[in-house]
Amino acid sequence: MEAVAKLRNVPTSPRKMRLVANMVRGKQVNSALGILKFEANSGAEKIEKLLLSALSNWQAKNEDARIEDSNLYIKEIFVDEGRTLKRLRPAPQGRGHRIRKRSNHITLIIDAKSDEEMVSKKAKKAESTTKAK
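Position in the sequence shown counted from 1, then plus 49, gives you my numbering.
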(Lines of atoms letter the chains of each structure in order from A; the text may use other names.)
(Lines give C-alpha, C1' and ligand atoms only; values in the text may rest on other atoms or scores of the structure.)
Protein backbone atom coordinates (compact mmCIF):
# COMPACT_ATOMS: atom_id res chain seq x y z
CA MET A 50 0.00 0.00 0.00
CA GLU A 51 1.58 3.24 -1.07
CA ALA A 52 1.43 6.66 0.57
CA VAL A 53 1.79 10.05 -1.09
CA ALA A 54 3.10 13.36 0.25
CA LYS A 55 3.25 16.62 -1.67
CA LEU A 56 5.07 19.85 -0.98
CA ARG A 57 4.02 22.83 -3.04
CA ASN A 58 5.55 26.24 -3.79
CA VAL A 59 8.99 25.55 -2.34
CA PRO A 60 11.10 28.68 -2.97
CA THR A 61 14.05 26.83 -4.51
CA SER A 62 14.83 26.34 -8.17
CA PRO A 63 13.65 22.97 -9.51
CA ARG A 64 17.11 22.23 -10.90
CA LYS A 65 18.70 22.40 -7.44
CA MET A 66 15.92 20.33 -5.88
CA ARG A 67 16.19 17.61 -8.54
CA LEU A 68 19.83 17.06 -7.57
CA VAL A 69 18.69 16.04 -4.08
CA ALA A 70 15.70 14.04 -5.35
CA ASN A 71 17.94 11.98 -7.64
CA MET A 72 20.12 10.98 -4.67
CA VAL A 73 17.25 9.27 -2.83
CA ARG A 74 15.12 7.93 -5.70
CA GLY A 75 14.54 4.17 -5.29
CA LYS A 76 16.35 3.91 -1.94
CA GLN A 77 15.08 2.31 1.25
CA VAL A 78 13.44 4.86 3.56
CA ASN A 79 16.00 4.40 6.36
CA SER A 80 18.99 4.91 4.07
CA ALA A 81 17.29 7.88 2.37
CA LEU A 82 16.75 9.55 5.74
CA GLY A 83 20.43 9.03 6.55
CA ILE A 84 21.51 10.54 3.24
CA LEU A 85 19.23 13.55 3.63
CA LYS A 86 20.23 14.19 7.24
CA PHE A 87 23.88 14.77 6.35
CA GLU A 88 23.45 16.40 2.93
CA ALA A 89 24.61 20.03 2.85
CA ASN A 90 22.18 21.10 0.12
CA SER A 91 19.36 23.29 1.42
CA GLY A 92 16.72 21.23 -0.39
CA ALA A 93 17.67 18.11 1.58
CA GLU A 94 15.99 19.25 4.80
CA LYS A 95 12.75 19.99 2.92
CA ILE A 96 12.74 16.57 1.26
CA GLU A 97 13.59 14.93 4.60
CA LYS A 98 10.57 16.61 6.20
CA LEU A 99 8.42 15.51 3.25
CA LEU A 100 9.65 11.93 3.60
CA LEU A 101 8.71 11.93 7.28
CA SER A 102 5.27 13.21 6.29
CA ALA A 103 4.90 10.38 3.76
CA LEU A 104 5.89 7.89 6.50
CA SER A 105 3.19 9.35 8.72
CA ASN A 106 0.64 9.07 5.89
CA TRP A 107 1.64 5.44 5.33
CA GLN A 108 1.30 4.71 9.04
CA ALA A 109 -2.21 6.25 9.06
CA LYS A 110 -3.27 3.99 6.17
CA ASN A 111 -1.69 0.84 7.65
CA GLU A 112 -2.34 1.04 11.36
CA ASP A 113 -1.79 -2.69 11.91
CA ALA A 114 1.63 -2.81 10.22
CA ARG A 115 4.96 -1.76 11.71
CA ILE A 116 7.22 0.60 9.76
CA GLU A 117 10.34 -1.38 10.69
CA ASP A 118 9.00 -4.65 9.27
CA SER A 119 7.48 -3.33 6.05
CA ASN A 120 10.55 -2.77 3.75
CA LEU A 121 9.49 0.74 2.73
CA TYR A 122 11.24 2.38 -0.19
CA ILE A 123 10.85 5.55 -2.24
CA LYS A 124 8.82 4.36 -5.20
CA GLU A 125 8.62 7.71 -6.95
CA ILE A 126 9.86 11.22 -6.36
CA PHE A 127 9.59 14.01 -8.86
CA VAL A 128 10.06 17.75 -8.86
CA ASP A 129 7.85 19.94 -11.02
CA GLU A 130 8.31 23.61 -11.75
CA GLY A 131 6.08 25.92 -9.73
CA ARG A 132 5.25 29.53 -10.35
CA THR A 133 7.99 32.02 -11.14
CA LEU A 134 8.04 35.44 -9.52
CA LYS A 135 9.41 38.08 -11.83
CA ARG A 136 11.37 40.94 -10.29
CA LEU A 137 13.41 43.80 -11.73
CA ARG A 138 16.96 44.59 -10.65
CA PRO A 139 18.27 48.08 -11.46
CA ALA A 140 20.90 48.08 -14.18
CA PRO A 141 23.17 50.78 -15.63
CA GLN A 142 21.83 53.61 -17.79
CA GLY A 143 18.27 53.41 -16.50
CA ARG A 144 17.61 49.86 -17.59
CA GLY A 145 16.32 46.97 -15.53
CA HIS A 146 17.32 43.33 -15.65
CA ARG A 147 14.67 40.71 -15.02
CA ILE A 148 15.23 38.39 -12.06
CA ARG A 149 13.28 35.13 -12.07
CA LYS A 150 12.64 33.70 -8.61
CA ARG A 151 11.71 30.10 -9.30
CA SER A 152 9.76 27.70 -7.12
CA ASN A 153 8.86 24.03 -7.36
CA HIS A 154 6.41 21.31 -6.33
CA ILE A 155 7.68 17.99 -4.95
CA THR A 156 5.69 14.75 -4.99
CA LEU A 157 6.98 11.74 -3.05
CA ILE A 158 5.45 8.24 -3.09
CA ILE A 159 6.60 5.48 -0.75
CA ASP A 160 5.59 1.85 -0.96
CA ALA A 161 6.36 -1.43 0.77
CA LYS A 162 8.38 -4.00 -1.16
CA SER A 163 6.83 -7.43 -1.14
CA ASP A 164 8.91 -10.47 -0.18
CA GLU A 165 8.76 -11.74 -3.78
CA GLU A 166 10.35 -8.55 -5.09
CA MET A 167 13.12 -8.76 -2.51
CA VAL A 168 13.89 -12.41 -3.41
CA SER A 169 13.91 -11.73 -7.16
CA LYS A 170 16.27 -8.76 -6.72
CA LYS A 171 18.69 -10.84 -4.66
CA ALA A 172 18.59 -13.61 -7.28
CA LYS A 173 19.33 -11.16 -10.11
CA LYS A 174 22.19 -9.65 -8.13
CA ALA A 175 23.70 -13.08 -7.40
CA GLU A 176 23.31 -14.06 -11.05
CA SER A 177 25.09 -10.93 -12.28
CA THR A 178 27.99 -11.43 -9.85
CA THR A 179 28.51 -15.01 -10.99
CA LYS A 180 28.56 -13.90 -14.65
CA ALA A 181 31.14 -11.22 -13.85
CA LYS A 182 33.51 -13.81 -12.38
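The beta carbon of each residue, even a glycine, is placed where N, CA and C say it ideally should be.
First and last residue of the alpha helix (DSSP H) that includes residue i?
{"i": "Gly131", "result": "Neither: Gly131 is in no alpha helix (DSSP H) and is coded neither H nor E."}
{"i": "Lys162", "result": "Element bounds for Lys162: n/a, residue is neither H nor E."}
{"i": "Gly191", "result": "Here the chain covers residues 50 to 182 and nothing more, so residue 191 does not appear."}
{"i": "Gly83", "result": "Val78 to Lys86"}
Distance, Cα to Cα, residue i vs residue j?
{"i": "Lys174", "j": "Ala181", "result": "11 Å"}
{"i": "Glu97", "j": "Asn79", "result": "11 Å"}
{"i": "Ala93", "j": "Glu130", "result": "17 Å"}
{"i": "Ile155", "j": "Asn90", "result": "16 Å"}
{"i": "Lys65", "j": "Lys110", "result": "32 Å"}
{"i": "Arg149", "j": "Ala114", "result": "46 Å"}
{"i": "Leu104", "j": "Ser62", "result": "25 Å"}
{"i": "Arg147", "j": "Pro60", "result": "17 Å"}
{"i": "Ser119", "j": "Leu134", "result": "42 Å"}
{"i": "Gly143", "j": "Asp160", "result": "55 Å"}
{"i": "Glu176", "j": "Ser163", "result": "20 Å"}
{"i": "Val69", "j": "Leu101", "result": "16 Å"}
{"i": "Asn106", "j": "Pro141", "result": "52 Å"}
Hey, residue i and residue j are a contact pair by Cβ (cut 8 Å); roughly how many whole angstroms apart?
{"i": "Ala54", "j": "Leu99", "result": "5 Å"}
{"i": "Ile123", "j": "Val73", "result": "6 Å"}
Give me, in chain order, the residues of the same chain whose beta-carbon lies closer than 8 Å to that of residue i; leave out the 5 immediate sequence neighbours on both sides.
{"i": "Arg132", "result": "Asn58 and Ser152"}
In the DSSP assignment, find the beta strand (DSSP E) that holds residue i and state where it starts and stops.
{"i": "Ala52", "result": "Ala52 to Val59"}
{"i": "Arg67", "result": "No beta strand (DSSP E) holds Arg67; the alpha helix (DSSP H) holding it covers Pro63 to Val73."}
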